[in-house]
Amino acid sequence: MTTRAKPMDPQTRPADDAASGWNTSMPVIIAANRLPVRVTRTVVDARRGSIQRRSSIDVNEDSYAADKRDDAQGDSDGEQETVEWHVEWAGDRVIEAQNTFSHHEISERANVRFVGRISELAVPVDEQRELARKLQEFNCYPVFVEQHEAKLYYEDYCKQTLWPTFHNVVDVYSPVDVVLDVGEASSETKDAPVWNPGSQKLAWQAYANVNQLFAQKICELYEPGDIIWIQDYHLLLTPSYIIRKVRGANVGLFLHVPFPSSEVFRTLSARKEILRGMLNADHIGFHLFEYARHFMSACKRILGLSYHPILRGQLGIDYGGRRVAVTCSHMAIDAQRIEETLSEELVREKVVTLRQKYIGKKIFAGCDTVERLKGIPCKLFAFDAFLERCPDFIGKVVLVQKGIHRRGRITDYSQSKKEIELIVQSVNKKYRERAKGDVVDYEEVAEFPFKDRIALWRVADVQMTTVLRDGLNTIPFEYIIAHNRLLSGAITVNPWELDQVIDALRDAVYMSQKEREYRRDCDFQFVSSNPPRRWAKCVLSDIVNARKKEDMFVYMGTGFGLDFRVMEVSANFRIT
1 MTTRAKPMDP QTRPADDAAS GWNTSMPVII AANRLPVRVT RTVVDARRGS IQRRSSIDVN
61 EDSYAADKRD DAQGDSDGEQ ETVEWHVEWA GDRVIEAQNT FSHHEISERA NVRFVGRISE
121 LAVPVDEQRE LARKLQEFNC YPVFVEQHEA KLYYEDYCKQ TLWPTFHNVV DVYSPVDVVL
181 DVGEASSETK DAPVWNPGSQ KLAWQAYANV NQLFAQKICE LYEPGDIIWI QDYHLLLTPS
241 YIIRKVRGAN VGLFLHVPFP SSEVFRTLSA RKEILRGMLN ADHIGFHLFE YARHFMSACK
301 RILGLSYHPI LRGQLGIDYG GRRVAVTCSH MAIDAQRIEE TLSEELVREK VVTLRQKYIG
361 KKIFAGCDTV ERLKGIPCKL FAFDAFLERC PDFIGKVVLV QKGIHRRGRI TDYSQSKKEI
421 ELIVQSVNKK YRERAKGDVV DYEEVAEFPF KDRIALWRVA DVQMTTVLRD GLNTIPFEYI
481 IAHNRLLSGA ITVNPWELDQ VIDALRDAVY MSQKEREYRR DCDFQFVSSN PPRRWAKCVL
541 SDIVNARKKE DMFVYMGTGF GLDFRVMEVS ANFRIT
């Protein structure tokens, strides 16, 4: 059972339906919260002969505290130390792949520059110039943010406020301790969280400040004719700050997360400012029509704006006398890259090792970040119920689950981690004697590298995803390609309906070879024919087609602060 993205809505355009408005000779600036690189800081102590390395993927440690310790140590014996920075592409990180367009193939084929942060690694001020020089070799331009402001911007506003809201979640109640045994439940309850308008205001101000820093960096790089492509919910105000300085800039914004219903979006205190910031782009893109529909509904109900269809299946929102284009285009994966990876000797060895480890067993596999909306507990409960209902499979199946530790939303992570570990312990204890071993092989990791992921998908009989609410998720696509002719089928289920999930697991295990091949072929055509570069060309063409027509209109700025917007007026307009 694999829960993939549903077939595209009829109103969602395929990638190759876009007009050929962009080609590789047109320069592009891509801005995202994180740069698509992995950065490693190496400190060599000449006196002690020791080497200390810290990477931008060390997310299990509080980077702010760690960097503070590093700075303190450096003050005492800094004269004896040499600092070196190493930069490499990080396109194989599951975290990066889901949050920013980072495939370096585009930058090799086109004139693309990347703007973003080195998010998990604080960079000392005196080392920023050297790191920036190293990053420029990869066409990457860093935005350095002071540590305290970075925490307010990312952890407090992006992850604690925007992320749950955009996934249609409004946190009302306090976290509850996770217990599996009623007898172990504590008689004490936690105090309900108190909404602090002062803290929220500080977090919002930090969010606006960081967006302004991004806009400054983009404007420094900008030259007439450049296309500016802004990625995801971290930078929703950036279009406003850009057009204040460059009225005619061609700006596109693409969201890789869902957009909430207007009723949920209303819960944001800065809802109007966020919508106006987004609408200062020329083009706004979503993965699914459902998200675009919610966005247009929010614009109508909160700002009173109208929308209607325009050419080539696009939608347009009238704002400030100009039309903002809204399109939908879902991204798949690079199938050729996966097929090439499967032929590598290292991956073949990993496949053999996994098959030997789980010899004679059907393998259910999953990979999710450790957070509530990823539904790992639902998956574990369903697997437990499946073994109860089908006891003949005890000892003959194993669930291999990887949990990715993503930074941010500390309470969510700690509660999810505790719940998952308790359920895994309970399920394994329940079946260990009859199965002669654990039935759930769970491991929490900082990252799950691309080659390890592909090797697991290759040996898995069932790829199991029970996400409760998600935006871009390419894991099912990887499984379709990696599993070659043995797809277990994309059986769509409601993760809250336990019986439905159990039936789907049973159907996947008993599915005939002929049906497996049929299901795989249905999905393979879409996945293999929509690589990221085609999706990127589609969206960039939409952005170019939505650019401001300065030969026909004059663009004037109006409003103050975050209410700023650009008005479109005919070049022949005269006041009489």
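Sequential numbering from 1 applies to the sequence shown in UniProt numbering.
Where is the CB? At the ideal position from N, CA and C, for every residue including glycine.
Asked: Beta-carbon contacts of residue 27 that lie in its chain and below 6 Å, excluding the five residues immediately before and after; Found: 111 and 226
Asked: For residue 480, the nearest candidate out of 335, 258, 233 and 84 (CA to CA); Found: 335
Asked: Nearest candidate by alpha-carbon position, reference residue 597, set 564, 121, 563 and 464; Found: Absent from the model: residue 597. The displayed extent of the chain is 1 to 576, so no value can be given.
Asked: Straight-line gap, residue 460 to residue 151 (C-alpha atoms, nearest Å); Found: 39 Å
Asked: Alpha carbon of residue 3 to alpha carbon of residue 309, nearest angstrom; Found: Because the pLDDT of residue 3 is 38, which lies under 50, any placement of that residue in the model is unreliable, and the number read from its coordinates should be weighed accordingly. C-alpha separation (whole angstroms): 31 Å.
Asked: Per-residue DSSP class, three states only, for residue 369; Found: strand
Asked: Whole-angstrom distance between residue 117 and residue 32, CA atom to CA atom; Found: 8 Å
Asked: Contact the segment 280–298 vs the segment 439–454: 3+ CB pairs below 8 Å; Found: no
Asked: Same chain, Cβ closer than 7 Å to residue 577, five either side skipped, listed in chain order; Found: Residue 577 lies beyond the stretch modelled for the chain, which goes from 1 to 576, so this question has no answer here.
Asked: Inter-residue Cα distance where the pair is residue 259 and residue 246; Found: 28 Å
Asked: Selected residue, minimal CA-CA separation from residue 320, among 267, 405 and 556; Found: 556
Asked: Boundaries of the beta strand (DSSP E) in which residue 286 is found, first to last residue; Found: 283–286
Asked: Between the CA atoms of residue 411 and residue 506 - distance to the nearest angstrom; Found: 35 Å
Asked: Under 8 Å between C-beta atoms of residue 445 and residue 420; Found: no
Asked: Beta-carbon gap between residue 427 and residue 380 smaller than 8 Å; Found: yes
Asked: Cα-Cα separation between residue 564 and residue 86, rounded to whole angstroms; Found: 41 Å
Asked: Of the residues 210, 250, 289 and 147, the one placed nearest residue 224, counting alpha carbons only; Found: 250
Asked: Given residue 580 as reference, the closest of 264, 283 and 123 once Cα atoms are compared; Found: No information on residue 580 is available, as it lies outside the stretch 1 to 576 that the chain covers here.
Asked: DSSP-derived helix/strand/coil call for residue 250; Found: strand
Asked: Ranges of the alpha helix (DSSP H) found wholly within the segment 385–447, counting only runs of at least 4; Found: 410–435
Asked: Burial state of residue 499, where buried means 16 or more other Cβ atoms lie within 10 Å; Found: exposed
Asked: Pair within 8 Å by beta-carbon distance, residue 333 and residue 531; Found: yes
Asked: Beta bridge counterpart(s) of residue 326 as assigned by DSSP; Found: 284 and 315
Asked: Inter-residue CB distance, residue 416 and residue 370 (contact presumed, cutoff 8 Å); Found: 5 Å
Asked: Beta-carbon separation (whole angstroms), residue 119 vs residue 154, contact threshold 8 Å; Found: 7 Å
Asked: Residue 309 in three-state terms, based on DSSP; Found: strand
Asked: Sheet register partners of residue 557 (DSSP bridge); Found: 566
Asked: Neighbour-count burial assignment, residue 387, 16 or more Cβ in a 10 Å radius; Found: buried
Asked: For residue 545, the first and last residue of its enclosing alpha helix (DSSP H); Found: 532–545
Asked: Which of helix, strand or coil DSSP assigns to residue 116; Found: strand
Asked: Among 549, 355 and 540, nearest to residue 25 - alpha-carbon criterion; Found: 540
Asked: Reduced DSSP category for residue 84 - H, G, I as helix; E, B as strand; rest coil; Found: strand
Asked: Opposing strand residues paired with residue 31 [DSSP bridges]; Found: 115 and 230
Asked: Straight-line gap, residue 515 to residue 277 (C-alpha atoms, nearest Å); Found: 48 Å
Asked: Candidates 237, 215, 149 and 241, of which the one nearest residue 199 by Cα; Found: 149
Asked: Spatial distance of residue 214 from residue 115 (CA atoms); Found: 7 Å
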